[in-house]
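J.:
Protein chains: 2
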Amino acid sequence: MEGLFELADLLGESMQRELDTRGLTRPRAEVVWRLGSDGTMTQKQLSQALRCTPRNVTGLLDALEGSGLVVRRPHPHDRRSTLVGLTSRGKRASAAWAEGYTKLANTLFADFNSAELASFVRILDRVRARLRRVPPVRQSLSPTAP
Amino acid sequence: MEGLFELADLLGESMQRELDTRGLTRPRAEVVWRLGSDGTMTQKQLSQALRCTPRNVTGLLDALEGSGLVVRRPHPHDRRSTLVGLTSRGKRASAAWAEGYTKLANTLFADFNSAELASFVRILDRVRARLRRVPPVRQSLSPTAP
DNA sequence: TATTGTTATACTCTATAACTATA
DNA sequence: TATAGTTATAGAGTATAACAATA
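In the order they appear, the protein sequences are chains A and B. Going by numbering that gives the first Met the number 0, the first residue of the first sequence is number 0, and it counts up by one from there. Going by numbering that gives the first Met the number 0, the first residue of the second sequence is number 0, and it counts up by one from there.
This is the structure in structure tokens:
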């Protein structure tokens, strides 16, 4: 089933190519993507959503604010916090990506009949659910194991 | 078909977790992986295989040599070149990862009957082949599009 | 006293350009 | 003259720790 790993790599490369043509790095694109999906949030919430440090968020937002995709606004009730949201340009970018991925998926899965697709999706869902629960198999991957 | 993108992400995270527990970064692990798959090669060949600059290879090899996973040897016929290969520890690491991924795949795809699996693999292969040919859809992903 | 976001500092990956040794 | 690998320099992402403002 190495094909699955290769497919995952190919999907990653495909996404990367898209970002390169837009002059956006992947971490910055993830910020835009997240804000587009979940809407305005504080930097703290963003750092939790992206699973990175608050310091990291500061740097990414500085760059994205500079290129006009994102705005920082004071939190109305907590003056320690900063609310982050997409500009109209950021919203267009986020929506365009979502559309692009949908198109890509449609292209990739065109020409399959519905029975095949249903079977594929069923297996995909079960594999995905299982992957979420699989713990890292540390022992078998140890490069220092005897 | 967003499930496929999510699965790709999950697989990536799963691999990343493995590397984290080993104290290896992804770029360094890719060097070890590549040398394990294709055997000894020059730094030039490595930079082409990894699609990065020769300078980048130098840095990765410096680190990997320091941790004893890789050795540099003079090329027997061309004194400009350097041959790079895995140490025995590097070979163990590479083999252990391959085994780990096989185990993961086996875990993920246990409990499916052979007809389901055959159907899944067939679609997977066709999607993969198509993905290799799909060009980036630049227009539809443009954040600056009107 | 705890939390939010920042500055200070450091390490890794990556790239381009200039340079050395060799072909 | 061209090639392989290095040093020099720079920018992005990430982390920890110390700090300011606010709760």
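Think of the CB as a built atom: it goes at the ideal place given N, C-alpha and C, for glycine as much as any other residue. Predicted model only: the values in this text are computed from it and were never measured.
Spell out whether any CB of chain A is found under 8 Å from the CB atom of residue 11 of chain B.
T.: The residue you call residue 11 of chain B lines up with position 12 of the second sequence. Yes - at least one Cβ of chain A is within 8 Å of the one on residue 11 of chain B.
J.: Taking Cβ-Cβ distances below 9 Å as the criterion, which residues of the region 63–88 of chain B are in contact with chain A?
T.: Residues 68, 88.
J.: Residues of chain A with CB under 8 Å from residue 113 of chain B, in chain order?
T.: The sequence position of residue 113 of chain B within the second sequence is 114, counting from 1. Within chain A, no residue comes near residue 113 of chain B; the closest Cβ sits about 12 Å away, beyond 8 Å.
J.: Taking contact to mean 3 or more Cβ pairs, one atom from each stretch, closer than 8 Å, check whether the region 68–85 of chain B and the region 31–50 of chain B are in contact.
T.: yes
J.: If you run the structure through DSSP and keep just helix, strand and coil, what is residue 103 of chain B?
T.: For the purposes of this step, residue 103 of chain B is taken as residue 104 along the second sequence, with counting starting at 1. Residue 103 of chain B falls in the helix class under three-state DSSP.
J.: Could you check what DSSP says for residue 127 of chain A in three-state terms: helix, strand or coil?
T.: Taking the first sequence and counting its residues from 1, one reaches residue 127 of chain A at position 128. It is helical.
J.: Could you run through the region 31–56 of chain B and flag, in chain order, every residue whose CB is less than 7 Å away from some CB of chain A?
T.: none
J.: May I ask you to report which of helix, strand or coil DSSP gives residue 11 of chain B?
T.: Here residue 11 of chain B is taken as the residue at index 12 of the second sequence, counted from 1. When secondary structure is reduced to three states using DSSP, residue 11 of chain B falls in the helix class.
J.: Specify, as a first and last residue, the run of the alpha helix (DSSP H) that residue 54 of chain A falls within.
T.: One-based indexing of the first sequence puts residue 54 of chain A at position 55. It spans 53–65 - the alpha helix (DSSP H) in which residue 54 of chain A sits, taken as one unbroken run.
J.: Name, please, each residue of chain A whose Cβ falls closer than 7 Å to the Cβ of residue 5 of chain B.
T.: As a position in the second sequence, residue 5 of chain B is number 6, starting the count at 1. Per Cβ cutoff of 7 Å: 127.
J.: Strictly by DSSP, which residues pair up with residue 70 of chain A?
T.: Reading the first sequence from its first residue, position 71 is the one you call residue 70 of chain A. In the DSSP output, where bridge partners are listed per residue, residue 70 of chain A has A:84.
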